[in-house]
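Structure, as structure tokens:
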Amino acid sequence: MTSAVSFKQVSRYFGSVRAVDAVDLDIAPGEFFAMLGPSGSGKTTCLRLIAGFEQPTAGSISIFGERAEGVPPYRRNVNTVFQDYALFPHLNVLDNVAYGLMVRGVGKAERLKAAEETLSLVRLPGYGARRPGQLSGGQRQRVALARALVNQPKVLLLDEPLGALDLKLRENMQEELKSLQKVLGITFVFVTHDQGEALSMADRVAVFNDGRIMQVGTPEDIYQRPRTRFVADFVGSSNVLPPDFVHRYSGQHRWGSLRPESIRVSGATSGDGVAARLVGTNYLGATTRLALDADGLRLHATVPAGTALPAEGEAVMLTFNREHLHLMDEPA
Amino acid sequence: MTIAAVQSKPAPAILPGNGGMRGALSDLFWRRPKLLLLLMLLPPLLWLGIVYIGSLFALLLQSFFSIDEFSGLINREFTLKTYGDLLQAANLDIIQRTVTMAALVTLASAVIAFPIAYYAARYARGRWKALFYLGVMLPLWSSYLVKIYAWKLILAKEGILTWLFGKLGLLWLLEAWLSLPIVGGNSLSVSFTGTFIVFVYVWLPFMILPVQAALERVPGNLVEASSDLGASPGQTFRNVLFPLALPGIVAGSIFTFSLTLGDYIIPQIIGTSRLFIGQAVYSQQGTAGNIPLAAAFTVVPIVVMGFYLWGAKRMGAFDAL
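If you read the sequences in order, they're chains A and B. Using this note's numbering, the letters of the first sequence correspond one by one to residues 178 to 509. Using this note's numbering, the letters of the second sequence correspond one by one to residues 28 to 348.
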């Protein structure tokens with residue numbers, strides 16, 4: 178099957194900075210694909226390479242099997258939802274949504290009808306006459322989404338579209354985006370620095386760092402089986418364990434990853450386990466996050482709220498299930 | 028620990044006033060910000076309101092007086108006779124000529140200014156931006172008269188422009204242009220074409236700066252969004268850039284249009300002997316001593332600008348503001 182988007186050894190340099198460095202990538206049609214990484218990791222540049230705002234310095238990009246290098250953005254059947262929405266301030270909402278159809282020469286009545294329908298799809302019916310300036314952040318976001326979707330793109334690119342929304346709205350939009358994608362069957366490529374968002378929404382996630390893809394896989398893969406220290410640390414802030422430590426428990430001299438929720442903390446001072454000291458507690462509502470110091474090794478554990486805990490500074494004993502200790506590929 | 032070391036004694040929650048007149052004044056202005064605003068606005072309001080607008084009204088009042096043709100004395104009775112004089116063929120000719128010139132100068136300024144302003148707003152950074160401002164502003168620093176006389180030399184038959192056309196083998200083109208009616212003449216420096224060139228040169232900065240300011244406020248991602256939605260560069264210009272730059276273009280055109288309408292030095296030094304409004308005002312209030320007619324002439328640019336702004340607003344030029 179042809180990939181929706183395919184990168185072959187794609188690089189993009191800005192002067193001496195390698196924003197994207199020899200990236201290989203295949204996104205399947207109809208997939209909800211997330212690009213996750215810290216700022217400056219190259220994920221947005223990858224998105225802009227797909228949109229056509231950037232051209233690769235080296236390598237080749239194809240969209241549904243067609244070569245995309247040198248093809249301007251306006252000839253790509255790909256649409257973008259911009260981070261700050263980029264709505265046209267001089268046009269009302271309906272004309273904003275109809276813009277893509279207007280420049281393609283669709284007649285006025287037809288395009289306004291399509292725009293109105295798409296506004297209903299994003300649950301903003303009847304907002305057509307307003308100006309973008311009169312809308313809230315969440316509403317603007319939906320207009321930006323409608324403006325892209327009305328063109329029925331082959332690939333929809335979303336550049337941190339939920340970044341500017343508050344938490345509650347964000348959770349709603351996450352669910353809505355996911356169900357929209359299911360209904361429409363369009364390939365979504367979603368850029369975010371929020372690992373929770375990437376894990377909860379995407380079919381597959383690519384973790385970026387320093388212009389390279391560190392790991393591609395299902396959210397479960399990425400979360401449970403990180404391949405490198407970076408992925409383990411960035412996705413869900415796992416405890417990264419040095420080879421010497423791992424050796425004691427698994428017999429292998431490899432870097433390991435242990436999820437904070439896999440660690441059990443008890444007030445016992447003797448017996449099996451890792452002796453540590455409780456350095457701090459962080460109440461998070463459903464869970465409590467503990468900062469621990471195991472003989473110089475900083476660890477984090479999350480325990481259900483309400484667990485009886487020793488006082489800060491007390492000695493504790495840490496235990497975990499050996500099979501939760503994940504060994505990483507990264508060389509020791 | 029360090030903070031405590033810096034503060035020798037515990038700080039009070041409310042700090043004592045600065046004391047003295049200045050301290051009391053600062054506190055007063057903070058409590059009554061409108062008082063400060065009033066004090067700051069009063070001098071310019073007095074200046075604008077009384078000295079400027081007042082004298083303008085005094086002038087306009089004169090246009091409703093008339094002149095006694097025999098004695099040359101001003102008859103201080105309200106009449107529309109002077110406005111009737113304004114409608115004489117010779118005077119209408121002056122008005123039409125000036126308005127046409129102002130419109131053409133404005134159009135040409137906008138066309139030339141846009142790419143320059145676009146470059147400055149979108150691409151120029153740091154040193155290049157400084158160079159842009161210097162390049163646009165530098166001509167404004169030198170004397171207006173020096174520039175115009177320089178242009179007279181440039182445009183003269185023996186001037187560098189004719190020489191350049193000769194070197195390029197395009198002298199026939201220049202001569203063909205000069206042989207045309209109305210725009211032509213013996214040389215560029217005594218033709219309307221020359222007047223037009225110098226007007227555009229002198230007023231161009233007044234168009235570039237507001238257009239640049241308007242384009243500067245257009246977020247770059249709007250251009251990307253337009254392109255992303257399938258608009259070719261031409262469509263993006265028509266549908267996004269131009270409408271958003273329009274308030275700047277209108278602001279610039281107010282300058283170029285009204286400055287051309289009122290100028291009397293450029294057409295006197297460069298161009299034909301036919302008069303523009305500014306020259307008519309000059310000669311009517313000077314040599315002819317017909318203050319009412321001069322005043323009536325000055326009303327024309329005001330009315331024209333009024334209609335222009337009204338039309339621009341109706342066409343939605345300020346919608347993007």
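Note that CB positions come from ideal geometry on N, CA and C, so glycine has one too.
Starting from residue i, find everything on chain B with Cβ-Cβ shorter than 8 Å and list it in chain order.
i, result
"residue 281 of chain A", "257"
Three-state secondary structure (DSSP) at residue i?
i, result
"residue 512 of chain A", "For residue 512 of chain A there is no data in the structure shown, the boundaries of chain A being 178 and 509."
"residue 36 of chain B", "coil"
"residue 478 of chain A", "strand"
"residue 28 of chain B", "In this prediction, residue 28 of chain B scores a pLDDT of 49, lower than 50, which makes its location untrustworthy; no coordinate-derived value is stated."
"residue 327 of chain A", "coil"
"residue 178 of chain A", "coil"
"residue 197 of chain A", "strand"
"residue 430 of chain A", "coil"
"residue 306 of chain B", "helix"
"residue 354 of chain B", "In the structure as shown, chain B begins at 28 and stops at 348. Residue 354 of chain B is therefore absent and cannot be evaluated."
"residue 80 of chain B", "helix"
"residue 227 of chain A", "helix"
"residue 311 of chain B", "helix"
"residue 264 of chain A", "coil"
"residue 204 of chain A", "strand"
"residue 304 of chain A", "coil"
"residue 370 of chain A", "coil"
"residue 145 of chain B", "helix"
"residue 463 of chain A", "coil"
"residue 241 of chain B", "helix"
"residue 159 of chain B", "helix"
"residue 285 of chain A", "helix"
"residue 184 of chain B", "coil"
"residue 211 of chain A", "strand"
"residue 91 of chain B", "coil"
"residue 364 of chain A", "strand"
"residue 232 of chain A", "coil"
Can you list the residues of chain B that residue i reaches, using a CB-CB cut of under 7 Å?
i, result
"residue 228 of chain A", "255"
"residue 317 of chain A", "Correct list: empty, because the minimum Cβ distance to chain B is about 13 Å."
"residue 259 of chain A", "248 and 252"
How close, in whole Å, do the beta carbons of residue i and residue j come, if the pair is a contact with beta carbons under 8 Å?
i, j, result
"residue 388 of chain A", "residue 197 of chain A", "5 Å"
"residue 431 of chain A", "residue 504 of chain A", "5 Å"
"residue 339 of chain B", "residue 277 of chain B", "5 Å"
"residue 396 of chain A", "residue 382 of chain A", "6 Å"
"residue 275 of chain B", "residue 237 of chain B", "4 Å"
"residue 161 of chain B", "residue 230 of chain B", "No, residue 161 of chain B and residue 230 of chain B are not in contact; Cβ-Cβ is about 19 Å, not under 8 Å."
"residue 492 of chain A", "residue 446 of chain A", "6 Å"
"residue 181 of chain A", "residue 364 of chain A", "4 Å"
"residue 182 of chain B", "residue 224 of chain B", "7 Å"
"residue 257 of chain B", "residue 229 of chain A", "That pair is no contact at about 11 Å."
"residue 260 of chain B", "residue 101 of chain B", "Incorrect: roughly 60 Å between the Cβ atoms, too far for contact."
"residue 468 of chain A", "residue 451 of chain A", "Their Cβ separation, rounded to whole angstroms, is 14 Å, which puts residue 468 of chain A and residue 451 of chain A out of contact at 8 Å."
"residue 211 of chain A", "residue 385 of chain A", "Residue 211 of chain A to residue 385 of chain A, Cβ: 10 Å. No contact."
If the cut is a Cβ gap below 9 Å, which residues of chain B does residue i touch?
i, result
"residue 265 of chain A", "249, 252, 253, 266, 267, 270 and 271"
"residue 324 of chain A", "252 and 256"
Please tell me whether, using a cut-off of 6 Å, the distance from the CB of residue i to the nearest non-hydrogen atom of the ligand ADP is below it.
i, result
"residue 78 of chain B", "In the structure on display, the ligand ADP does not appear, and there are no ligands present to speak of."
How would you list, in chain order, the residues of chain A whose beta-carbon sits under 7 Å from the beta-carbon of residue i?
i, result
"residue 262 of chain B", "280"
In chain A, which residues lie with their C-beta within 8 Å of the C-beta of residue i?
i, result
"residue 328 of chain B", "Going along chain A, no residue has its Cβ under 8 Å from residue 328 of chain B, so there is no contact; the nearest lies around 30 Å."
Checklist entry - What residues from the segment 240-256 of chain A come within 9 Å of chain B, judged by C-beta to C-beta, listed N to C? => result 249, 250, 251, 252, 253, 254, 255 and 256
Checklist entry - Is there contact between the segment 238-252 of chain B and the segment 100-111 of chain B, where contact requires at least three CB pairs shorter than 8 Å? => result no
Checklist entry - the segment 326-337 of chain A: which residues have C-beta closer than 8 Å to a C-beta of chain B, in chain order? => result 328
Checklist entry - Using 8 Å as the threshold, is the segment 201-209 of chain B in touch with the segment 147-164 of chain B, meaning 3 or more CB pairs across them? => result no
Item to check | Residues, ordered as in the chain, of the segment 181-192 of chain A that lie near chain B by beta-carbon distance below 7 Å | outcome: none
Checklist entry - Between the segment 272-304 of chain A and chain B, which residues of the former have CB atoms less than 9 Å from a CB of the latter, in chain order? => result 276, 277, 278, 279, 280 and 281
Next on the checklist: With a threshold of 8 Å, are at least 3 pairs of Cβ atoms found where one atom belongs to the segment 274-290 of chain B and the other to the segment 92-109 of chain B?
Outcome noted: no
Checklist entry - Is there contact here, the segment 312-321 of chain A with the segment 261-269 of chain A, by at least three beta-carbon pairs under 8 Å? => result yes
Next on the checklist: Quick test of the definition: if touching needs 3 or more C-beta pairs under 8 Å, does the segment 186-196 of chain A touch the segment 355-364 of chain A?
Outcome noted: no
Checklist entry - How do the segment 212-227 of chain A and the segment 216-233 of chain B stand: do at least 3 beta-carbon pairs fall below 8 Å, yes or no? => result no
Next on the checklist: Under 9 Å, CB to CB, which of the residues in the segment 227-239 of chain B have a partner in chain A?
Outcome noted: none
Item to check | Cβ-based contacts, 8 Å cut-off: residues of the segment 60-72 of chain B near chain A | outcome: none
Checklist entry - Is the number of C-beta pairs between the segment 368-383 of chain A and the segment 193-211 of chain A that are closer than 8 Å three or more? => result yes
Next on the checklist: At a CB distance below 9 Å, what residues from the segment 338-367 of chain A approach chain B? Give them in sequence order.
Outcome noted: none
Checklist entry - Touch check for the segment 328-345 of chain A and the segment 243-256 of chain A: three-plus C-beta pairs under 8 Å? => result yes
Checklist entry - Counting Cβ pairs closer than 8 Å, one from the segment 300-309 of chain B and one from the segment 119-139 of chain B, do we hit at least three? => result yes
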